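Yeah, the sequence shown ends on 454 if you go by the numbering used here, and it's all consecutive.
Every residue gets a Cβ at the ideal spot worked out from N, C-alpha and C, and that includes glycine.
This one's a predicted model, so the numbers in the text were calculated from it and none came from an experiment.
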Amino acid sequence: MNAAPGGNGVFPYAWETHTLENGLKVVMIPMSSGGLMSYYSIVRTGSRDEFETGKTGFAHFFEHMMFRGTKNYPSSVYDRMVTAMGADANAYTTDDLTAYHLSFASQDLETVIKLESDRFQYLDYAEAPFQTEAGAVYGEYRKNRTSPWEVLIEALQETAFTRHTYGHTTMGYEADIKAMPTMYAYSKEFFQRYYRPENVVLLLAGDFDAKKALEMIRNYYGGWKKGYVAPAIPAEPAQTAERKVAVRYEGKTLPLMIVSYKAAALDPTNRLMVAGSMLDDLLFGETSEIYKKLVLQEQKVQFISADFDLNRDPGLWSIYAMVKDAKDLPYVLAEIDRTVATFRDAPVPARKLENVKKRLKYSFLMNLDTPDKVAGRLARLVAITGGIEVVNVLYAAYDAVTAEDIQKAVATYLTPAHRTIATLQGRD
27 MNAAPGGNGV FPYAWETHTL ENGLKVVMIP MSSGGLMSYY SIVRTGSRDE
77 FETGKTGFAH FFEHMMFRGT KNYPSSVYDR MVTAMGADAN AYTTDDLTAY
127 HLSFASQDLE TVIKLESDRF QYLDYAEAPF QTEAGAVYGE YRKNRTSPWE
177 VLIEALQETA FTRHTYGHTT MGYEADIKAM PTMYAYSKEF FQRYYRPENV
227 VLLLAGDFDA KKALEMIRNY YGGWKKGYVA PAIPAEPAQT AERKVAVRYE
277 GKTLPLMIVS YKAAALDPTN RLMVAGSMLD DLLFGETSEI YKKLVLQEQK
327 VQFISADFDL NRDPGLWSIY AMVKDAKDLP YVLAEIDRTV ATFRDAPVPA
377 RKLENVKKRL KYSFLMNLDT PDKVAGRLAR LVAITGGIEV VNVLYAAYDA
427 VTAEDIQKAV ATYLTPAHRT IATLQGRD
């Protein structure tokens, strides 16, 4: 067991971490919450792990299939029990994880543990319902394609990555999704490969007795057999020249632009990576000069924003803009370049850097007031690193970033040779 008291870093709650003999990790965060709690089952597998040609989309597919039930608790029984508890059960998939989560009254914890441990160990489905769900997933893909942003992001990722699995979206390639109904046997293999205790972290937050919860978890999950097989993810070669992709959209939309730079994987000990992950707010946030100029003063764009997300492997740090007139696309790109040059060539003012640090910290803290928010806020970091210890380390690293670090990060990451520019225009 590892335990950490609150007060030794930005994270305000005490927590315990335990690892069962089969490798299942359990992170428990007891907190006063009026008898409510949240229960996250975090599978450290997302679309990143789909490395086999012709077999993308299965991480997202299992987000659906995990609600199909088991012999002990068929889907209708599972749904009825969740409804009877007044619980909220859902799931989501990203590039680096698949998360299953429930919010419920603490008195129902054992029932939740019983249900969740059962479906993770004994998921059962025949070929017919598998094919039905695969068809539904393809329908979801087609629906998503009505969004111009989805179309553009798909093209961007395919262009930005030549080998790494971040080259396909969480949904997967369309041809693979269409073929999914024929891959019933492979779906069973995927489940057996990735849905194993060594690849899952349970995250509990709320009003509960940690000792009793651990006893129940040992009882219900203790027989889950090891067997995780790590995927052979190909490394992405260094990008040495700018890439561009222009997309024509079948519907009507304002022109869209995404400028994406190759980023570093999450590593709180990498000072430049930490500084780089702050650049989205610093350079392109709603208090930035480019936002004021393009959105408020000149009104050239509907919006401009950035997301320099944290990833398990080197991913993308992206700037998004919806431009009001296609003729202004080159101008908007020039303004992005001008902003980058400004922060590369001169140190950021001390007050501006300090304000960004404060926003990072208080945005994090203000979203920790309920069990579901706590678990939801931590889920991605847990999936990337395997625990929550990284939180305090990362925020301490943010506090230590200097103006010189910011300049070096801009010069290192935000260079034309490391970027992909994706644009989209619709019908006139």
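Bounds of any alpha helix (DSSP H) do not take in threonine 428, whose DSSP letter is neither H nor E. Its chain contains Asp233 as the residues whose beta carbon lies nearer than 8 Å to that of serine 58, once the 5 sequence neighbours on both sides are disregarded; these appear in chain order.
Residue burial is scored here from C-beta neighbours: glycine 249 has fewer than 16 other C-beta atoms within 10 angstroms and is therefore classed as exposed.
Residue pairing by DSSP puts serine 331 in a beta bridge opposite Tyr346.
DSSP, reduced to helix, strand and coil, places valine 69 within a strand of the structure shown. Under the three-state reduction of DSSP, tyrosine 275 is assigned to coil, being neither helix nor strand. Here the alpha carbons of valine 382 and glutamate 430 stand approximately 15 Å from one another. Counting C-beta pairs with one atom in each stretch, the region 162-170 and the region 201-211 have three or more that are closer than 8 Å, which means they touch.
In this structure, threonine 120 sits near glycine 72, with a CB-CB distance shorter than 7 Å.
Classified as exposed, glycine 80 has fewer than 16 neighbouring CB atoms from the shown chains inside 10 Å of its CB. Residue range 153-170 is occupied by the alpha helix (DSSP H) that includes glutamine 157, with no beta strand (DSSP E) assigned at that position. The C-beta distance from methionine 209 to glutamate 159 rounds to 12 Å, too long to fall under 8 Å, and the pair is not in contact. Sequence-distant partners of lysine 252 (beyond 5 residues in either direction) whose C-beta falls short of 8 Å from its own C-beta, in its chain, are Asn48, Gly49, Arg222, Pro223 and Glu224. When only Cα atoms are considered, lysine 378 and proline 263 end up about 35 Å apart.
Nearest to leucine 420 by alpha-carbon distance, out of Arg445, Glu78, Ala301 and Ala125, is Ala301. Residue burial is scored here from C-beta neighbours: proline 100 has fewer than 16 other C-beta atoms within 10 angstroms and is therefore classed as exposed. For the pair serine 129 and serine 64, the CB atoms are nearer than the 7 Å cut-off. Closest by C-alpha distance to alanine 367, out of Arg406, Tyr439, Ala401 and Ile414, is Tyr439.
Remark: C-beta atoms of tyrosine 346 and isoleucine 447 do not approach each other more closely than 7 Å. DSSP, read as helix, strand or coil, puts glycine 412 in coil. Within the region 333-404, the complete beta strand (DSSP E) segments of 3 residues or longer fall at 342-349, listed in chain order.
In the three-state reduction of the DSSP assignment, proline 174 falls in the helix class, which pools H, G and I. Counting the other CB atoms within 10 Å of its CB gives aspartate 307 a total of 16 or more, which places it among the buried residues. For threonine 109, the enclosing alpha helix (DSSP H) starts and ends at 101-111.
The distance from the Cβ of leucine 228 to that of valine 53 is about 7 Å, consistent with a contact at the 8 Å cut-off.
Spatial neighbours of methionine 299 in its own chain (CB-CB distance under 6 Å, excluding positions within 5 residues in sequence) are listed in chain order as Ala290 and Asp293.
Taking all protein chains shown into account, threonine 124 has 16 or more neighbouring C-beta atoms within 10 Å of its C-beta and is therefore buried.
If you keep only unbroken beta strand (DSSP E) runs of at least 3 residues inside the region 166-254, you get 226-232.
In this structure, glycine 452 sits away from tyrosine 247, with a CB-CB distance that is not shorter than 7 Å. Around the beta-carbon of glycine 277, fewer than 16 other beta-carbon atoms lie within 10 Å, marking it exposed.
Counting along the chain, the unbroken alpha helix (DSSP H) around lysine 140 starts and ends at 135-148. Alanine 154 counts as exposed, since fewer than 16 other C-beta atoms from the protein chains shown sit within 10 angstroms of its C-beta.
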